[in-house]
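Structure first, then comments.
Residue numbers (mature numbering (1 follows the signal peptide of the UniProt record, and there is no 0)): -22 to -1, 1 to 422.
What follows is the structure, given as structure tokens:
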């Protein structure tokens, strides 16, 4: 009868793990098979006016025009560009709640999944943070993430300390001193894996920072170097730049179908269908931008320095795309991960037995085992979350920031330099009255 006790305990622990995991996480297959959420997208919607051509979608014809939804023919304009961005930012993607982020992390708390404000930094650095963290432990996001495996470990600890027959315990006890040698290796492996995850998060942040910076820089070059010479092509290029962040976000998260409404809203139908047919949507945007730059250069509308500056910005966007693909395609070596997990299970499995066999009371053994188990399981879970940072990063907000910066370059241009110099002697009242004539755009 005693020999069957460990087998029965293992079976009970396995069933408990399955039930707890299903209750807290849900059925993973149901998440994989559910249709993607498409907010505000209607395939039959007629989009506003854009500029098209017969053979080259990026080459505007003389007098090029399209028919808008009221039957009038008009060329593309900055106002139409601003209205389309307002449609995207205020209707199609008006919410800052990103459904693609894991539900346990998508909370109104201090989190890496949200862009931080100054108030968040003040709350993060307050001296009362320790009290807040202690009070919020029962609802901790990390505790809920590790709940299945932590619950199994707690049940095993209770069984080993309070329920299991003493004979079985004495046969399986490992001295605490040899087990401490194993803890050194476990701690080192978890630390190195966590550091690697943090470095991948830092690299992902740097890549997306480059995306926001280069889209803003490219749009400013378009506004100052191309728009005065070819307004229609400049607006068309700005439309492509404005959706780059959205298509990159969809590419990294495997939600290319969800971004179709944004692409069809911002781009002409020919360009939109071309982008949506590509194997990698961001590369289609980059290719169209290079095509436009080549068209301008062939017509002599760009100097060598201007052409190099535009090409440099497009190249940096391509480099950011390659960085994100490298992070997604190359994880931390699975052999390292599996070795760490096996050693961690061995250590936690024998920890309650070693503590209980070292003359500690049952209650003290339970408390120490629970704290050590939560710490190590938490570190392991954090490293897994950071391994693919694009699941956690606020890509929705970063895409909005990028689009707004691109729009500001054309929609909110500075006054001509001569006009600014002539108004240096104006009174503050005149300047304030002049600023009231230009209300902020609707997409702000």
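No residue lacks a Cβ here, since even glycine has one placed at the ideal position from N, Cα and C.
Here's a check: name, in chain order, each residue in its chain whose Cβ is nearer than 6 Å to the Cβ of residue 179, leaving out the five neighbours to either side.
Correct list, in chain order: 364 and 367.
Neighbourhood of residue 271 by C-beta, 8 Å cutoff - its chain only, sequence neighbours within 5 removed:
Leaving aside the five residues that flank residue 271 on each side, the residues in its chain whose CB is nearer than 8 Å to its CB run, in chain order, 280, 285, 288, 289 and 292.
I'd like the ranges of any alpha helix (DSSP H) spanning at least 4 consecutive residues and lying wholly in the segment 64 to 124.
Taking only runs of at least 4 residues, the alpha helix (DSSP H) segments lying wholly in the segment 64 to 124 are 96 to 102, 107 to 113 and 119 to 123.
Return the chain-ordered list of same chain residues with a C-beta closer than 7 Å to the C-beta of residue 343, the five sequence neighbours on each side being excluded.
For residue 343, same chain residues with a beta-carbon under 7 Å away, outside a window of 5 residues either side, are 139, 330, 333 and 334 in chain order.
Does the beta-carbon of residue 72 have 16 or more other beta-carbons within 10 angstroms, so that it is buried, or is it exposed?
Residue 72 comes out exposed.
Going by DSSP in three states, residue 24 sits in which element: helix, strand or coil?
The predicted position of residue 24 is uncertain, since its pLDDT is 32 and thus under 50; a value taken from the coordinates is nonetheless stated next. When secondary structure is reduced to three states using DSSP, residue 24 falls in the coil class, being assigned neither helix nor strand.
Assess, as a yes-or-no matter, whether the segment 344 to 364 is touched by the segment 384 to 392 under the definition of 3 or more beta carbon pairs within less than 8 Å.
Because the criterion of three Cβ pairs below 8 Å is not met, the segment 384 to 392 and the segment 344 to 364 do not touch.
Straight-line Cα distance separating residue 347 from residue 303
Cα to Cα, residue 303 sits roughly 40 Å from residue 347.
Are residue 62 and residue 214 closer than 8 Å when you measure CB to CB?
Not a contact, by the Cβ cut-off of 8 Å.
For residue 161 versus residue 325, is the C-beta spacing smaller than 8 Å?
With contacts defined by Cβ atoms closer than 8 Å, residue 161 and residue 325 form a contacting pair.
Residue 243 to residue 378 span [Cα, whole Å]:
Taking the straight line from one Cα to the other gives about 15 Å.
To the nearest angstrom, report how far apart residue 95 and residue 263 are at their CA atoms.
The C-alpha of residue 263 is placed about 31 Å away from the C-alpha of residue 95.
Under 8 Å, do residue 354 and residue 159 count as touching if we go by C-beta distance?
For residue 354 and residue 159, no; Cβs fall outside 8 Å.
According to DSSP, is residue 221 part of a helix, a strand, or is it coil?
Taken through DSSP and simplified to helix, strand or coil, residue 221 comes out as coil.
Report buried or exposed for residue 323, applying the criterion of at least 16 other Cβ atoms within 10 angstroms of its Cβ.
Under this definition residue 323 is an exposed residue.
Rounded to the nearest angstrom, what separates residue 166 and residue 154 at their Cα positions?
The alpha-carbon atoms of residue 166 and residue 154 are separated by roughly 18 Å.
Applying the criterion that 16 or more other CB atoms from any shown protein chain within 10 Å of the CB defines a buried residue, is residue 205 buried or exposed?
The C-beta of residue 205 has 16 or more other C-beta atoms within 10 Å across all chains shown, which makes the residue buried.
Are the segment 197 to 204 and the segment 222 to 237 touching by the rule of at least three beta carbon pairs closer than 8 Å?
Counting C-beta pairs closer than 8 Å gives fewer than three between the segment 197 to 204 and the segment 222 to 237, which falls short of the contact rule.
Close beta carbons around residue 376, own chain, < 7 Å, minus the five adjacent residues each side
For residue 376, where only same-chain residues beyond five positions count, the Cβ hits under 7 Å are 186, 190 and 223.
Alpha-carbon to alpha-carbon, residue 102 and residue 418
Rounded to the nearest angstrom, the two C-alpha atoms are 32 Å apart.
Does residue 130 come out as helix, strand or coil in the three-state DSSP assignment?
Residue 130 falls in the helix class under three-state DSSP.
Is the beta carbon of residue 356 closer than 8 Å to that of residue 120?
The answer is yes: Cβ separation under 8 Å.
Within 10 angstroms of the Cβ of residue 381, are there 16 or more other Cβ atoms? Answer buried if so, exposed if not.
Counting of Cβ neighbours within 10 angstroms places residue 381 among the buried residues, the total reaching 16 or more.
Does DSSP put residue 151 in a helix, a strand or coil?
Residue state, collapsed to three classes: coil.
With a Cβ-Cβ cutoff of 8 Å, do residue 273 and residue 245 count as a contact?
Their beta carbons are not under 8 Å apart, which means residue 273 does not touch residue 245 by this criterion.
Quick check: what's the CA-CA separation for residue 374 versus residue 74?
Here the alpha carbon of residue 374 sits roughly 7 Å from the alpha carbon of residue 74.
Using only CA atoms, which one of 422, 106, 327 and 338 lies nearest to residue 131?
Out of 422, 106, 327 and 338, 327 has the C-alpha closest to the C-alpha of residue 131.
Measure the C-alpha to C-alpha separation of residue 295 and residue 235 and round it to an integer number of angstroms.
Between the C-alpha atoms of residue 295 and residue 235 there is a straight-line separation of about 22 Å.
Nearest neighbour of residue 318, chosen from 253, 163 and 109 [CA to CA]:
In terms of CA proximity to residue 318, 163 leads the group 253, 163 and 109.
Between 211, 350 and 116, which has its C-alpha nearest residue 268's C-alpha?
Nearest C-alpha to residue 268: 211.
Which word fits residue 91, buried or exposed, when buried means at least 16 other C-beta atoms lie within 10 angstroms of its C-beta?
Classification for residue 91: buried.
With 16 other CB atoms within 10 Å as the buried threshold, where does residue 420 fall?
Counting Cβ neighbours within 10 Å, residue 420 comes out exposed, since fewer than 16 surround it.
Residue 419, DSSP secondary structure in three states
If DSSP states are grouped into helix, strand and coil, residue 419 belongs with coil.
Residue 373: first and last residue of the uninterrupted alpha helix (DSSP H) it sits in:
Unbroken alpha helix (DSSP H) run through residue 373: 373 to 389.
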